[in-house]
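Structure first, then comments.
See the structure below:
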């Protein structure tokens, strides 16, 4: 007993006394960290301190120091305006539409690709469906134009050839969301299937063999072996997606929308961009952005905690 | 015996139907993915007269392949300069981001470093809370980066996510190597340069490609920070073409004697020009992307 506690105190002592020594010993490591820390300070933490202008009547020539403080005035205006609820509604509707349609689609795609036994076909399908993920939203928006445009879009060419009347897909409020969701599924489903495919590749072959011996069909094997195998991946991905519900779709909407469909497509982020940078109403748009950042911060933390409670690996 | 055989035949019939359905659905998915891209390529090589003649046809295979649309588009100097800017920013940005991420990831992958968790938290926090567009824009403006080439590089010089991928990879390398090197008299830096970095080329390939795609595709930051057209990357010209659908408005000084392409052909040629590097390189490097995301997913 005595010797044990003695060794413990010695260990503690060397640790306590050695902290400075250990820091000096690893001084090169700290030196290496300096550029990254300066960068994160300049491009993340200093901008966070700029959030103060949400509580100011910020004038760019006066700077943060010289601008007048207005407290929560911008937030009061914001929460009292109808525009805000429309923006919030659009953001949530679009995100959930993408989630409900895109999320299961990626899973089904992965399950189907996993059933292909011919490795060349499998690899080719993967290469093709991953491709759109690597194009920018501007490129995809341009491709969407060549498909959906009123005057030269491929779909309208077909409709006209069949004697129908061209449809203004990109300018009709009752169709634009469907186009957004469809294009998003087209671009991201393949890449979203990657994680599930990895989980499926990790399933022991013996499980499938044993099931075959028991007379299971391929479909039964998919239902009873493959799907349970990717269930943990599904739940964690779903939670993380829900945590990021306010952060989805900005670049897509900005690249694809136009004033005719602002009513259904204007989301919080696009509004911040227009009001802040185009109209230069810095304070008000920062208030909208701060609201979004705080809510999504809570959502991300909540979904992570939930993921951890479910026993899955979380973001941290 | 007889029933068993029948059972097996019955099952394989069910399985073949299942397989056939999957084959058809996957074929459909790949066709849907490729058709718009193929259509873009076809249109970009079709002459204006042929386009007018076959205006109502779908997926028109060019009778004669012509490069007139590209000649018109690339006749002036703007798009070549834009290409140069896109390439330069991609190369410089990728190198800068890789160096910065590695410098940060390496110390944070060392278990014994005092204060490591605190520093890690400083980076983690940026993943869950962002200042938003306007405060970041004001900061970049304060640094005097607006309308300079630096605005292409610095604000996105590191992604915490990619840094964590590199760190996870460093972590996964066997510790014995490092111990052996230390016993042989290697310093901290020596271990990193002689042992860890040479072993980490796969992760540098993956993360480097992530960064390269990110820099090549990035356009919103150019809208925010770049004012002069002489600094526009390709993505912004493409965006301008979708928004205005005419060359006159984007100020190309093309040869006036050339036939002006249709809006469709112009968009298509510009798409090909902008996305070409990715479409050409991507099939050869696809495995690195998948590997990269795997490392990230194991311990995100």
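Protein chains in written order, with our numbering: chain H, 32 to 347; chain F, 20 to 319. Ideal Cβ placement from N, Cα and C applies to all residues, glycine included. Bear in mind the structure is a predicted one, so any value in this text is a computation, not a measurement.
Taking Cβ positions, are residue 291 (chain F) and residue 59 (chain F) nearer each other than 9 Å? yes
Quick check: is any heavy atom of the ligand COA less than 8 Å from the C-beta of residue 243 (chain F)? Here there are no bound small molecules, and the ligand COA is not part of this structure.
Only counting the same chain, and skipping five residues up and downstream in sequence, which positions put a Cβ closer than 7 Å to that of residue 316 (chain H)? Closer than 7 Å at Cβ, skipping near neighbours: 303, 306, 307.
Just to confirm before moving on: does the CB-CB distance between residue 88 (chain F) and residue 284 (chain F) stay below 9 Å? yes
State the DSSP-derived secondary structure class of residue 308 (chain F), mapped to helix, strand or coil. helix
Whose C-beta lies closer than 8 Å to the C-beta of residue 224 (chain H) among residues of the same chain, with five residues either side of it excluded? Shown here for residue 224 (chain H): same chain residues with a beta carbon closer than 8 Å to its own, the five before and five after excluded, namely 137, 138, 140, 141, 144, 160 in chain order.
Does chain H have any CB closer than 9 Å to the CB of residue 97 (chain F)? Chain H contact via Cβ: absent.
Could you pull out every residue in the same chain whose Cβ sits closer than 6 Å to the Cβ of residue 294 (chain H), ignoring the five residues on either side in sequence? 204
Which parts of the stretch 175-258 of chain F are runs of the alpha helix (DSSP H), unbroken and 4 residues or longer, counting only runs that do not cross its ends? 179-191, 194-202, 220-236, 239-244
Under 9 Å between C-beta atoms of residue 66 (chain F) and residue 44 (chain F): no
Option in H:272, H:300, H:170, H:222 with minimal Cα separation from residue 257 (chain F): H:170
Residue 91 (chain H) classed as buried or exposed, judged by whether at least 16 other C-beta atoms fall within 10 angstroms: exposed
List the residues of chain H that residue 181 (chain F) touches, going by C-beta distances under 8 Å, in chain order. Those do not exist, as residue 181 (chain F) stays about 12 Å from chain H at its closest Cβ, beyond 8 Å.
Say whether chain H places a C-beta atom closer than 9 Å to the C-beta of residue 279 (chain F). Chain H, which has no Cβ nearer than 9 Å to the Cβ of residue 279 (chain F), makes this no.
Under 9 Å from the C-beta of residue 227 (chain F): neighbouring residues of chain H: At a beta-carbon threshold of 9 Å, none of the residues of chain H lie near residue 227 (chain F); the nearest stands roughly 14 Å away.
Going by the beta-carbon positions, is the gap between residue 53 (chain F) and residue 70 (chain H) smaller than 9 Å? no
At 7 Å on the CB atoms, spell out the chain F contacts of residue 71 (chain H), in chain order. 141, 142, 145
Quick one: any contact between the stretch 329-339 of chain H and the stretch 204-217 of chain H, if contact means 3 or more CB pairs under 8 Å? no
Given residue 164 (chain H), which residues of its chain have a CB within under 8 Å of its CB, disregarding the five upstream and five downstream residues? 218, 219, 221, 222
Under the DSSP definition of a beta bridge, which residues are partnered with residue 88 (chain H)? Beta-bridge analysis with DSSP links residue 88 (chain H) to H:99.
Does the stretch 167-178 of chain F touch the stretch 116-132 of chain F, meaning 3 or more C-beta pairs lie closer than 8 Å? Contact between the stretch 116-132 of chain F and the stretch 167-178 of chain F is present, because at least three Cβ pairs lie under 8 Å.
Starting from residue 165 (chain H), find everything on chain F with Cβ-Cβ shorter than 7 Å and list it in chain order. 232, 297, 301
Mind checking which residues open and close the alpha helix (DSSP H) that includes residue 160 (chain F)? Judged by DSSP secondary structure, residue 160 (chain F) falls within the alpha helix (DSSP H) whose first and last residues are 152-161.
Do residue 152 (chain F) and residue 320 (chain H) have their C-beta atoms closer together than 9 Å? yes
Please confirm if the stretch 101-114 of chain H is in contact with the stretch 79-89 of chain H, defined as three or more CB-CB distances below 8 Å between the two stretches. Verdict: yes, contact present.
Comparing the C-beta of residue 166 (chain F) with each C-beta of chain H, is any distance below 9 Å? no
May I ask which residues mark the beginning and end of the alpha helix (DSSP H) holding residue 66 (chain H)? 58-71
Rounded to whole angstroms, what is the Cα-Cα separation between residue 267 (chain F) and residue 288 (chain H)? Because the pLDDT at residue 267 (chain F) is just 49, under 50, the model does not fix this residue reliably, and the value given afterwards should be weighed accordingly. Using only the alpha carbons, I get a separation of about 23 Å.
Give, in chain order, every residue of the stretch 247-258 of chain H whose Cβ lies closer than 7 Å to some Cβ of chain F. 248, 249, 250
Taking residue 236 (chain F) as the reference, which of F:224, F:255, F:249, F:225 has the closest Cα? F:255
What does the Cβ neighbour count give for residue 58 (chain H), buried or exposed, with the cut at 16 atoms within 10 Å? So residue 58 (chain H) ends up on the exposed side.
Given a threshold of 16 other Cβ atoms within 10 Å of its Cβ, counted over all protein chains shown, does residue 180 (chain H) qualify as buried or as exposed? buried
Verify the CB distance criterion: does residue 84 (chain F) have a CB-CB separation below 9 Å to chain H? no
Taking just the CA atoms, how far does residue 149 (chain H) sit from residue 155 (chain H)? 10 Å
At the level of alpha carbons, what is the spacing between residue 102 (chain F) and residue 252 (chain F)? 7 Å
Where residue 238 (chain F) falls, given that 16 or more other Cβ within 10 Å makes a residue buried: buried
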